[in-house]
Structure formats: structure tokens, C-alpha cells
Amino acid sequence: MPIITPTPTLLSELEETNERFERATPLEILQWTFDRFDDDVAMACSFEDVALLHMVHELRPATEIIFLDTGGHFSETLDFADQLEAKWSLNMTRTTPGPDADAWPCGTAQCCALRKVEPLGRALKGRAAWITSVKRVDAPTRATMKTLMWDEKFELVKANPLATWSDDDVAYYLTSHDLPEHPLWAQGYASIGCAAMTLKPQVPGDRRSGRWVGLDKDECGLHEA
Ligand code: SF4
Numbered sequence: 005m006p007i008i009t010p011t012p013t014l015l016s017e018l019e020e021t022n023e024r025f026e027r028a029t030p031l032e033i034l035q036w037t038f039d040r041f042d043d044d045v046a047m048a049c050s051f052e053d054v055a056l057l058h059m060v061h062e063l064r065p066a067t068e069i070i071f072l073d074t075g076g077h078f079s080e081t082l083d084f085a086d087q088l089e090a091k092w093s094l095n096m097t098r099t100t101p102g103p104d105a106d107a108w109p110c111g112t113a114q115c116c117a118l119r120k121v122e123p124l125g126r127a128l129k130g131r132a133a134w135i136t137s138v139k140r141v142d143a144p145t146r147a148t149m150k151t152l153m154w155d156e157k158f159e160l161v162k163a164n165p166l167a168t169w170s171d172d173d174v175a176y177y178l179t180s181h182d183l184p185e186h187p188l189w190a191q192g193y194a195s196i197g198c199a200a201m202t203l204k205p206q207v208p209g210d211r212r213s214g215r216w217v218g219l220d221k222d223e224c225g226l227h228e229a
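If you're matching positions, the sequence shown starts at 5 in the working numbering and goes up one per residue.
In C-alpha cells:
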């Protein structure tokens, strides 16, 4: 049973706040989310989103950080997650794939469903809100992403504090706070998922064009605008 329901009052609050958030900073959006939902907030983290992870860590260090361990990550991603978990003493939860995941090859909807969507749904149970690092500039599929919304799939509020940020905004934040970046960025990767289906960008300027190359697939099913 979800601990929060999309009543007309809540939906109208989200809509009004979302409009205001078009001009807010990520820190202001995060602060509102923690003030509104207190400890019932978790962040899903891929460890490409160190800027947002750092903000969450600064504002509310005990926040649960959910890392979707699909069983197919690059070793660099796993090592980097371990390093930041130790460095910041993160309250980290690693999900595991559903029992039938091995029956489905990478690229199928069922594979992402069993390794990402279903485990995240389990991890978010009992939460009122989750935080993601999606940005509108990530991909055309994310171009209309709101900063704040009701998430029908997982039945809770979804906060996207970086929705209006550019890649330059993220780069500036990392540099100005002397933060590390995912080690594969230095090798030219720009969007990093499971190793089997992640290449460097195939289209200049389209950071997700190295994901699921040759397949009719753009998203893993976690994010819908
Ligand atoms: S990216 Fe590929 S291996 Fe990873 S969960 Fe999705 S379909 Fe499966």
C-alpha cells in the first residue's frame, strides 16, 4: 500500500510548485522535497550523477541512496560506487535483479524490467518521494520532463532537481566543488548503463546515442516525462 496517494490537492500542489521550480536551483528543489516529505525520500543514483549526489549528501546525509545493481555494470562503475560510498559514508542500498532476469537478453524490455524497474519499485516501497538526476538535455525522450511530478509507475512523487540544467551546469558544479566524475567520462563515454549495451556516443552532441545501439530502444523504463 503506497504511503501517499495522488489526491487532487496533492496534484495541484505539485503542478503549482513545478511551475515555480522552472526558475529554482537544484538545491532549492531538493530542500523543498526534504521539507515536504522529510525522511520518506530516497535518491536513485547511477554514479554518473555525482553533482546531485553531492547536493543530497550536503543537505541530508542520511538519505537512502538506491543503486540499481543490474549485474551488468562496468567494473569502473562498481568501483566508483564503492569509493563514493566509503568517502561520504552513504546510506546505500544495492538492488539485485529479479529471479528470472537471466532468461532475457540485454536489449529486451523484460531484461530492463527485471534488472531495473522491478527492483527499483521494491526499493521505493514505503517512500513518499524519489529523487532522480534526469535532465531535459539528456535526450529527446526527456525534453519535457518536469522538475516535480506524480510518478504513476512507482506511485510516489518524483523530483528531478536537475531537469533544467545543461551539461555545462553539471561540469561547472563538479569543478567548482572539486568533485570526481565517473571514470569512463574521461574515455569519451557520455551516458553509462550496462556494459553490454553502452558505447561511446555514436552521434555528436547526443549523449545517449551510445546506448542500445542498433536496437529500437531509448530508455530503460524508469523515466517517463
Ligand atoms: S541495459 Fe541491457 S543488460 Fe542492462 S538491464 Fe537494460 S536490457 Fe538488461
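Even glycine gets a Cβ: it sits at the ideal position worked out from N, Cα and C.
Nothing here was measured: the structure is a model prediction, and the numbers come from that model.
beta-carbon residue i near the ligand NAP non-hydrogen atom, thresh 7 Å
i    : result
A147 : As for the ligand NAP, it is missing from this structure, which binds only the ligand SF4.
For residue i, three-class secondary structure by DSSP
i    : result
D155 : strand
A133 : strand
C116 : helix
V138 : coil
A194 : coil
T179 : helix
V121 : helix
V161 : strand
T148 : coil
R126 : helix
Identity of the residue in the options nearest residue i by Cα
i    : options                   : result
T97  : Q191, D42 and A46         : A46
P187 : P109, H227 and F51        : F51
K157 : W134, D172 and V174       : W134
D39  : T29, F25 and L63          : L63
T11  : P184, L160 and L226       : L160
E32  : L152, C198, G225 and W189 : L152
E222 : L34, K162, T112 and G192  : Residue 222 is actually Asp in this sequence, not Glu. Closest option to D222, Cα to Cα, is T112.
T67  : T37, E19 and T179         : T37
L226 : L219, N164 and T202       : N164
T74  : C198, W216 and L219       : C198
D172 : K139, T202, F78 and W216  : K139
F78  : D220, W216 and A200       : A200
I196 : C49, E19, T99 and E26     : C49
D42  : E17, G218, L72 and P65    : P65
Residues near residue i in its chain [Cβ-Cβ closer than 6 Å; skip 5 each side]
i    : result
G102 : L118 and E122
S137 : D53, L56 and L166
L94  : I69
K150 : N22
V207 : S213
V174 : A55
W108 : Q114 and C115
E17  : none
Cβ neighbours of residue i in the same chain (closer than 7 Å, five flanking residues each side left out)
i    : result
H181 : H58
P205 : A194, R211, S213 and G214
L15  : W154
S170 : V141
I7   : D44, G130 and A132
E80  : P187 and L188
L178 : V54, A55 and E185
Cβ-based neighbour list, residue i, same chain, cut-off 8 Å, excluding 5 preceding and 5 following
i   : result
H61 : T67, W92 and L94
*asked:* Quick check on the DSSP output: what are the complete alpha helix (DSSP H) runs of length 4 or more inside the segment 69-112, in order along the chain?
replied: List check, alpha helix (DSSP H) in window: 79-92.
_Report the start-end ranges of each alpha helix (DSSP H) in the segment 10-71 that is 4 residues or longer and not cut off at the edges._
Entirely contained in the segment 10-71, the alpha helix (DSSP H) runs reaching 4 residues are, in chain order, 12-25, 30-41 and 54-63.
*Spell out a yes or no on whether the segment 137-149 and the segment 108-117 are touching, meaning 3 or more CB-CB pairs, one atom from each, closer than 8 Å.*
No contact exists between the segment 137-149 and the segment 108-117.
*Pairing CB atoms from the segment 122-131 with CB atoms from the segment 78-94, are three or more of them under 8 Å?*
Because the criterion of three Cβ pairs below 8 Å is not met, the segment 122-131 and the segment 78-94 do not touch.
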